[in-house]
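Q: With the sequence shown counted from 1, adding 569 to any position gets you our numbering.
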Amino acid sequence: MPVFSHPEFDAHEKVLFGHDPETGLKAIIALHNTSRGPALGGCRLWAYESDEAALTDVLRLSRGMTYKSALADLPFGGGKSVIIGDAKTMKSEALFRAMGRLVESL
């Protein structure tokens with residue numbers, strides 16, 4: 570799965586892939602642009618058809634957060650994260666704590 574040549578890459582500053590076998594966490598964090606300040610954005614838990622679909626989504630969402638922050642004249646950049654999985658069966662405190670550790674690793 571290409572990242573740097575991905576059509577939605579758009580010079581993202583950082584793309585982090587994370588996996589925690591104990592909880593089943595498979596996640597991607599994308600920081601699009603932090604020139605205005607720390608990245609602002611949330612997390613989406615979704616049953617993506619493929620890892621590439623998740624990558625496309627997180628790249629688009631993080632770029633969108635950059636633009637939203639700029640249009641609102643906020644002192645933030647744009648970022649977003651996705652967790653790959655079924656929200657109906659995967660939600661657990663352990664999963665979200667694992668995701669928190671991944672975010673903290675930035």
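Yeah, the Cβ is synthetic: ideal placement off N, Cα and C, and Gly gets one too. As the structure is a prediction and not an experimental result, all values here were calculated from the model.
Tell me which residues share the same chain as PRO607 and place their Cβ nearer than 7 angstroms to its Cβ, disregarding the 5 neighbours each side in the sequence.
A: Same-chain partners within the cutoff: PHE645 and GLY646.
Q: Looking only at C-alpha atoms, which of TRP615, THR658 and SER650 sits nearest to GLY587?
A: For GLY587, the nearest C-alpha among the options comes from SER650.
Q: Answer with buried or exposed for SER631, where buried requires no fewer than 16 other C-beta atoms within 10 angstroms of its C-beta.
A: Label assigned to SER631: buried.
Q: Answer with buried or exposed for GLY669, where buried requires no fewer than 16 other C-beta atoms within 10 angstroms of its C-beta.
A: Looking at its Cβ environment, which holds fewer than 16 other Cβ atoms inside 10 Å, GLY669 is exposed.
Q: Which of helix, strand or coil does DSSP assign to VAL572?
A: Three-state result, VAL572: coil.
Q: Enumerated in chain order, which unbroken segments of the beta strand (DSSP E) with a length of 3 residues or greater are wholly contained in the segment 590-675?
A: As far as the segment 590-675 is concerned, its whole beta strand (DSSP E) runs of at least 3 residues are 594-602, 612-615 and 646-653.
Q: Quick check: what's the CA-CA separation for MET659 versus PRO590?
A: Taking the straight line joining both Cα atoms gives about 13 angstroms.
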